[in-house]
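Trainee: Going by the working numbering, the sequence shown opens with residue 498, and the numbers climb by one from there.
Built from N, CA and C at the ideal position, the CB exists for glycine as well.
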Amino acid sequence: MCYFCGVKVHEKYMKRCIELAKNGLGTTYPNPLVGSVIVYENEIIGEGWHQKAGKPHAEVNAVNSVKDHSLLSKATIYVSLEPCSHFGKTPPCCDLIIKHQIPNVVVGTIDSFSEVSGNGIKKLTEYGKNVTVGVLEDECRELNKRFFTFHEKKRPYVILKWAESQDGFIAPEHKEIQEPIWITNAFSRQLVHKWRTEEPAILVGTQTVIDDNPRLDARDWQGGNPVRIVLDNCNRIMKESHIFDGKQKTIIISGLQSEVENENLSYEKIDFSDAIANQVMDVLYENGLQSVIIEGGRKTIQTFIDAGFWDEARIFRGKAILKNGTKAPVLNGNSYKKQLIEGDTLLIFRKS
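Printed below as a string of structure tokens:
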């Protein structure tokens, strides 16, 4: 087989690994998304993905799906992320590959987690395996952008989200009721709830809670609720607010001493007079939260934009025209993709 043809074959099967891995979005945290396929004579004989933290890894599920294990000693295993070489909640996947004498291993990208970080590839090579690394590496890294950001930058992957009117406002000048004023349609709002099941945390500021009394849950989509992160410098938020309902884990980031805590409520103290965004990133990292959706008002979102702590922005533009009110945050000089959602426009920006 020529080199070019071999690369194309590897890419074909790695694409399948990526497709499989995406099935675990929202359920594998804090583990990465991983897919694996096993190929014998140009046919897939087994495949699997990591489904949930503490459960078998992608390679295990792929091997278990092979009907004739005698073929493994002549097969190639593809995996989107470097096989682990350490004991965690499950045994090392490298040992599984070695046990079944799979001779060829094709890896999408190296795992930057300190417990792995090249050790899996090293171990497989030492046991005589033919290891190929870096197939569709950019795509495999994109798949685990949260995981890599957390372990390499020591902070969560930050997703900004807001909805703005056609004339660029995120809220009217005056409100008569303590609940959100909907700028977007029901389909866009349901998509937001889907996103909440895919990220471990959601963050808002004090004024958003006072004005809207949000639940910050995923009631319109099946899946888990994110950890609620609320910035409240002086503990001004009323205890009758939904964020204190005890239905999901909530962290209040305050400038004062901790108030009463319980199983689902804790307080973290920071200095609100100095580099707020930096301190919040540290709090989220220390709590093991690999990503966060920031849905706060203009002041909160702009704070993270100005500090450079954002990776992605998802901006809905509805049909409404408000004429006045709170202007949308300012986000300049970045490329974006556009999607139409039943009359709403969704712009997805990535930081340059």
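Quick one: what's got a C-beta closer than 7 Å to Phe644's C-beta in the same chain, skipping five residues either side?
Mentor: Pro529, Gln787
Trainee: May I ask you to verify whether the stretch 625-634 touches the stretch 775-784, counting CB pairs closer than 8 Å and requiring at least 3?
Mentor: In short, these stretches do not touch, since the Cβ pair count stays below three.
Trainee: Which value, in whole angstroms, describes the spacing of the CA atoms of Gly743 and Leu728?
Mentor: Each residue's Cα considered, the two are about 17 Å apart.
Trainee: Spatial neighbours of Gly790 within its chain, please: C-beta separation below 6 Å, excluding the five flanking residues on both sides.
Mentor: Residue 790 is actually Ile in this sequence, not Gly. Same-chain partners within the cutoff: Ile656, Lys658, Glu696, Ile699.
Trainee: Mark Cys731 as exposed unless 16 or more other C-beta atoms lie within 10 angstroms of its C-beta, in which case mark it buried.
Mentor: exposed
Trainee: Where Ser770 and Tyr764 are concerned, what is the direct C-alpha to C-alpha distance, given to the nearest angstrom?
Mentor: Rounded to whole angstroms, the gap between the alpha carbons of Ser770 and Tyr764 is 18 Å.
Trainee: Quick check on the DSSP output: the alpha helix (DSSP H) that includes Lys620 runs from which residue to which?
Mentor: 616-623
Trainee: Where does Thr694 fall in DSSP's three states?
Mentor: helix
Trainee: Please name the residue or residues paired with Arg725 in a DSSP beta bridge.
Mentor: Ile699, Thr747
Trainee: Assuming Ser577 and Val531 are in contact, meaning their beta carbons sit under 8 Å apart, how far apart are those beta carbons, in whole angstroms?
Mentor: Rounded, the Cβ-Cβ distance is 6 Å, consistent with contact.
Trainee: Apart from the five residues just before and just after Gln598, which ones in its own chain have a Cβ nearer than 8 Å to its Cβ?
Mentor: Excluding five sequence positions before and after Gln598, the CB atoms of its chain that fall closer than 8 Å to its own CB belong to Leu569, Ser570, given in chain order.
Trainee: Closer than 7 Å by C-beta to Thr524: which residues in its own chain qualify, once you throw out the five before and the five after it? Chain order, please.
Mentor: Gln548, Lys549
Trainee: Would DSSP call Ala859 helix, strand or coil?
Mentor: The structure shown has nothing for residue 859, since the chain only spans 498 to 849.
Trainee: Between which residues of its own chain and Glu649 is the CB-CB distance below 8 Å, once the five residues before and five after are set aside?
Mentor: Ser609
Trainee: Where DSSP assigns a beta bridge to Gly532, which residues make up the other side?
Mentor: Trp546
Trainee: Going by DSSP, what residue range makes up the beta strand (DSSP E) through Thr800?
Mentor: Looking at the DSSP string, Thr800 is not in any beta strand (DSSP E); the run it does join, the alpha helix (DSSP H), is 795-804.
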